[in-house]
Amino acid sequence: MATSMAAALAASLPAPQTAPSPAAPTYEAIPASMSRVIDIEADIPLTGVQLDGMVVSKIIKHSSDSHAAVVHGLLLGLDLDGTLEVSNSFPLPHHSNDDDDKSTKSAARYQASMLRSLKEVRADDSVVGFYQSTTMGAFFSQTLIDTQAIHQGKLRHGGVVIVHDVSQTTQGNASFRAFRLSKAFLDAYKRNNFSTQSLINHRLTFSSVLEEVPLQVRTNPLVNAFLSTLKEPRRSALPSTHPADAFSSALPPTFSSLDLGNAALTKNLEHTIEAMDSYKIEEGNLAYLSRQIAREKARAESYTAKRKEENVSRVAQGLAPLPEEDVSRLFKIPPEPSRLESVLLLGQVDAYAKALEGTSSTNLVKMYAARADSSL
Amino acid sequence: MRAYYFDNLPGDVRLPHDSGRPVDPSKLDSLNILYWHVPVDSEGGWEMRIDELSLENNFKCQDKIDVTKEAFGDKYEDILKEFFDEHLHEDDEIRYVVKGGGYYDVREHPKDDWIRVHIESGDLIAVPKGIYHRFMLDEQDTIAGLRLWRDVPNWTPLPRSDKTDKNPYRLGYLKALQSGSRGEGLIARVGNAISNFVLLKQAGDSDSDSEESEEELMTSDEEAPAAKPATTKPAMSRFLRTGGSDSSSSESDEEPEESEEEEEEEGGAKETKKKSRFLRSDSEDEESDEDVKRVVKSARDKRLDEMEATGKVMDNALKINDWVAISTEFDKLTRMVQRQQNMSEPIPPFYIRSLVSLESSLNTALSKEKEAKKKMNASNARALTAMKQKVKKGVKEYEREVKLFQEDPEAFERAYAAAPSAAEIAASRPKKAKKPVIDGEDDQAGTDEFTHVGKGGKGMQFSADGIFKNLQLVQQARGKKNTDRADQIRILEKLLQVAETPYQRIRVLLALISSRFDYNSSVASHMPIDLWLSAQREIDQLIHVIFNDPSYSVQETTEDYDEFVERSPADEKDGIVRIRGSIISFVDRLDDEFTKSLQNLDPHGTEYVDRLKDEKSLYRTICRAQALYEKTLQSDPLARVIMRRLEHIYSKPDTVLQALEAAAAASDLSPSISLNDNTSPSNLIHALCVHLYQSGNTLLRTRAVLSHIYHHALQNDFHTARDMLLMSHLQETVYSADVATQILYNRSVVQLGLCAFRCGLIKESQATLQDIFTTQRVKELLAQGVHQQRFQTLTPEQEKAEKQRQLPFHMHINTELLEAAFLVSSMLVEIPILSSIDTEEQKRKAISKPFRRLLDFADRQVFTGPPESTRDHIMQASKALQKGQWEQCRDLIHGIKIWDLMPESAAVKEMLARRIQEEGLRTYLFTYAPQYKTVSLSLLSRTFSLPLRSVTSIVSKMIWSEELLASLDQSAGVVIFNRVEFTRAQQLALTLAEKVGNLVEQNEKTLDFRLGGGSGWTERADGTKGDKRNEQTQERRGRGERTRGGSGARGARGGRGGRFAQGLGNQMPASQRAR
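If you're matching them up, the sequences are chains A and B in order. Take the first sequence: its position 227, counting from 1, is numbered 227 in full-length UniProt numbering, and each next residue is one higher. Take the second sequence: its position 867, counting from 1, is numbered 867 in full-length UniProt numbering, and each next residue is one higher.
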């Protein structure tokens, strides 16, 4: 599911833009003032991501409406002078455990037709990345990595992935973060080599798999104005009311921020334990595999040593030495296991732990506050 | 393989000499030369192929041959020369070449041209018998391969001469060529052989007074069988050869039997008697002798003629001083004589005569040589010295005969002539026939070998003077294949009777004891008991002699001395006669044989008990040996003998030990350390062990410490035993010890566990016995039975080794009792814990896995009948304990029969009852605490019929160790429970904390391993056992933690602390508990 999904996404993406018009290569001099704006070869590196207010609300809506834990969608927009402006987005259908082949195909079809329709209405239709919802900040997954790796090869500037944490949003602070894959990781990924040595060489840990890109949300002035009016208390339309009710606000004051959110805590703990368990299992698998490898290697070595010894004695006897056969043919030494999975799991554990730390520290503050109040 | 005609040009014969005329394979085929090609490969597949071919073609023997210059040295060229002389064999010459190459030149028939067959690596060639041929190496100048034979190996070359033209094998070959039936000449058919035999036998019956062996027939059968049709030759000779050989192929066995049957039909009463004698004798040699006797005419004379011919050649060569020729001829002669001797025929006087004359002429030649050195060429000189050696050897070998001959040549010859007839008479005497086989053989041997032995068969005449010579004879025969060991023992016994001086007696005793031990060659079976007893007596005697006469000493290493000379203290430099030998190894062997015989006896029979009674005398012998070594101040054998002594007593109860000591004290020699009125048995053991601790031998020290621990445990001195075990640090090193020591270690540990159980230290007992029971191979680890291998089968060698390690039955620790102790202590430890924990995850962590497994199994049972086995009792008791029905539990435990085997069983039962009450109370509190707010102490005291004080103390202890969340209300006399329910989040947090703890521990372990700092276990992690141990200590550590309630200082549990705990084994949990 994971990889096939990524493959489907990749299939539907437009091919990287090549030379604009092969027929008439007539260039006009780009005015100096525009040189930073027109960037055909994507020379200017990305320094930030700018998220449109509409995209924010669309993502939040999509994430909170969906029953599935994780939702995906595509980001559309344009990069301008080092800033990736995400101006639109659309959700991708969620397929749960369907027939793999069918679901990927239909996803690809859906994506293609969506892009076509957008083009027809002259909306932005260039894909600049995708978004994904998550809980408790643990967004590390094979799917994300795979999809992003494909994007990195096909999109301008490699695209970004925006991660939206649903659990944070329910607590009142919407969390959006933009990431792309680090160079070291991409290198290792291309070689498809995640052995211990390679991890050491690339200095890869879970924290260096992705690099974060600064993200800012931009709303247009009109929306800003509207929002500010929402905050402003208004005088009630009814003349004779109680002074307490006289002013009403569109956003009534709420005490939900004082909620300790114990349910979330339990869930967080559960997730942490789960992640640790799967990490342990993965570790066990790795250990088993490496033991197997060591055993096979030892066998092969002893075989060659024995053969050498035999040859020495044969030479001493005046017999022709036996050929030193190819050991790899006789003994199947399994390849060193990929440690990517365990790196990702560690990332998840880390994220859960951080989320746990975050919530518990705020809760602690809240409890102190409550105590201070009660002591009065 | 390549075949072509030889070009008959002069030049190095190792060159190809290719005339350019190739020979068709069919030509070779017509010459009856068989050929296969089996490529030599590295995997050894060719060996299998050769074996297949051998099976198909009936090649029964094979050996390896490697002809290289290095291997043969000087003789190399001579041997090749011999190969290259045109000759024929009386057997097919079958050779397989692995390496190198050579040429077989065979005579074409009838043109008599040389055909050269070049054989190289991978060629298997069979040159038929009777073909003239020669052999030479090719330019590689080396050949290595296999020689195969259809029957017994025989490669005597018969050089081409007029005689060989008439050789039956030659004729047979020619006939086969004419008839074109190629198999006939080569492959003898069994049916043919049998039918031919009948013919021969009839012919042979006519004169039965000649004695003959088949080997002689082979070398000198020019005319004897010539009268018979040529085709029968191969078959007949083949039969004869098989009959005489030790080869045990089925068909060759059949034939002699058949012949006997026929004999029976034809022969009269005399024949039958004779036959009955043969039936009893199992020596095949004799059988064949008898057969052949009837078959062949006076071939002995023929053979003698041949010998004489050889002798003549030698004489001639002597005249011209050609020592090379003499040397080869002498070799031939010796071979013939040897063959004759193998048939236990007397040595012909001719040989002796030529030996003597050769010796004298040699001496003259040597003296001449000294005078005029240049006269002789190099090869001749070499041959001369070689001859000197050979003759010397020959003279030595036939010393007796030579002496006799020198004294009176004529009498010697007469005696020889008389010998066969004498043997004949002896054989035909009915009285002889009834004698046991051994006697019969003895006589035969006597008459054959020593002409001076009387015909009555009374044996050799022994006298004090001849002792050393006889001893020497026996020594030489020792270990040889055909030596009759019983006979040797008898000779030695007689020698002992006539031995006069202490020196003689010591020498004879040394030889006699070792030959007694030699009597049984196989490792598996034990020595016959009567032999053992006499050996024991003789060792006693030996010790006695040496002890009483300090001027003699037996040592393993001495200076060389002449074996034939009587020695006395007066002659020696320092007045001490040192004799080569080792008493300690005799004692060791005696002890081992005793153990072996016990292993082989049925432990439930009276025989076993009878045998056990011999332990007393064995123990006495050991004590005497100890006394001897104490006197002679030999520390190393002394330590060994003390170890032997210790091994006999360490596991014995006091009464048995005292009985053994009493037996030892009764002897005239007593060691310095012994049991007397003012020492107790444990003091004795202690003294012995201390002596061993002071010895330099680490193995003995280890074993002594283990025996000491065992003994302490047996004496219910748990703490001393445990401290000794922990202080010795044996648990870290025992994995590298030898198997016997490991077994002793296991025994000691198990005994320690039993001791803890008897002392009422239930937890310690459980922890000690745990290790061995989790392996589920208790019997195997204690060497009290062989483990049933479920997944792999043991090789026979392993099985044999395993069997040899088994302890004799009386040393066994009762495993059923052991299991009962373990399970009961597990029950007492596990049941309260089981009821105290409430989460599933915790439940999965069993302290005693074997117990938990049984309990789960018992839980699954739908019906539970009345308990039958010990396990049933304990399982039902556990269930009762879980329910708080301590009385039922107690009754069930008391109902176990096996307790009666435990010393002080009443006290143990009482202790168990008390424990059950206490643990019952704990279980009750754990189980019902959530249900009550308060419980009255007096009610508890009544329910469990425990005094109020102990109830209070138990409850307080539980509160203190945070097992029970409660408080005591002294004034009201109640326990107030204040139980707190954890919320889900709290539970999860606890789980998480534990998991993180595990993770950290794992990480530190890995890190330690990576950094190589974990020498504590990397050293020991030499096998799975070590790993398993680590796990177990870890588990135990975990439990130590749990009893502390999982609260408080977890910080102490870092990687460092972890390492210590593992190094110290079970000391750590104890100390943790104490904290």
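A virtual CB, placed ideally from N, CA and C, is assigned to each residue, including glycine.
For residue i, three-class secondary structure by DSSP
i: I94(B); result: strand
i: N262(A); result: helix
i: P159(B); result: strand
i: K733(B); result: Sequence check: residue 733(B) is Thr here, not Lys. Helix.
i: T134(A); result: strand
i: T795(B); result: coil
i: T934(B); result: strand
i: residue 1082(B); result: Only positions 1 to 1075 of chain B appear in this structure, which leaves residue 1082(B) out of reach.
i: I320(B); result: coil
i: I143(B); result: strand
Residues near residue i by beta carbon distance below 6 Å, same chain, minus five either side
i: C755(B); result: A713, N716 and F718
i: K129(B); result: H89, E90, D91, D92 and Y169
i: L700(B); result: A639, M643 and L692
i: residue 1079(B); result: Past the edges of chain B, shown from 1 to 1075, lies residue 1079(B), and the structure says nothing about it.
i: A929(B); result: F977
Check whether residue i and residue j have beta carbons under 8 Å apart
i: L660(B); j: H648(B); result: yes
i: S327(B); j: A365(B); result: no
i: I293(A); j: P334(A); result: yes
i: E212(A); j: R177(A); result: yes
i: F72(B); j: F135(B); result: no
i: residue 1089(B); j: F773(B); result: Beyond the ends of chain B as shown, which are 1 and 1075, falls residue 1089(B); an answer cannot be given.
i: residue 391(A); j: M114(A); result: In this structure chain A extends from 1 to 376, so residue 391(A) is not present and cannot be described.
i: S361(B); j: G311(B); result: no
i: I813(B); j: R758(B); result: no
i: V127(A); j: V86(A); result: no
i: R2(B); j: L137(B); result: no
Beta-carbon contacts of residue i that lie in its chain and below 8 Å, excluding the five residues immediately before and after
i: S351(A); result: One point to set straight first is that residue 351(A) is Ala, not Ser, in the sequence displayed. So the list reads M136, G137, A138, F139 and F140, once near-sequence residues are dropped.
i: N978(B); result: L965, A966 and S967
i: I467(B); result: L495, V498, A499, Q504, R507 and V508
i: T196(A); result: E336 and R339
i: V545(B); result: P502, R505, I506, L509 and Y552
i: L181(A); result: I145, Q148, A149, Q152, G158, Y189, V209, L210 and E211
For residue i, the nearest candidate out of the options (CA to CA)
i: Y745(B); options: F757(B), R758(B) and L730(B); result: L730(B)
i: I491(B); options: I513(B), E764(B) and D771(B); result: I513(B)
i: Y650(B); options: I50(B), L688(B) and S878(B); result: L688(B)
i: Y710(B); options: E780(B), L725(B) and I119(B); result: L725(B)
i: I874(B); options: L817(B), I833(B), A907(B) and L921(B); result: L817(B)
i: R620(B); options: A126(B), I79(B), Y608(B) and Q658(B); result: Q658(B)
i: M54(A); options: R122(A), L75(A), G158(A) and K332(A); result: L75(A)
i: S635(B); options: A625(B), L669(B), S695(B) and V690(B); result: S695(B)
i: G48(A); options: N220(A), K267(A), N285(A) and P214(A); result: P214(A)
Contact set for residue i: own chain, Cβ-Cβ below 7 Å, skip 5 residues either direction
i: L144(A); result: Q132 and V161
Under 8 Å: do the stretch 908-917 of chain B and the stretch 886-893 of chain B share three or more Cβ pairs, one atom per stretch? yes
Any contact of the stretch 104-113 of chain B with the stretch 50-69 of chain B, i.e. 3+ C-beta pairs under 8 Å? no
Three or more C-beta pairs below 8 Å linking the stretch 947-957 of chain B and the stretch 979-997 of chain B: no
Does the stretch 262-272 of chain A touch the stretch 982-989 of chain B, meaning 3 or more C-beta pairs lie closer than 8 Å? yes
With a threshold of 8 Å, are at least 3 pairs of Cβ atoms found where one atom belongs to the stretch 545-565 of chain B and the other to the stretch 524-531 of chain B? no
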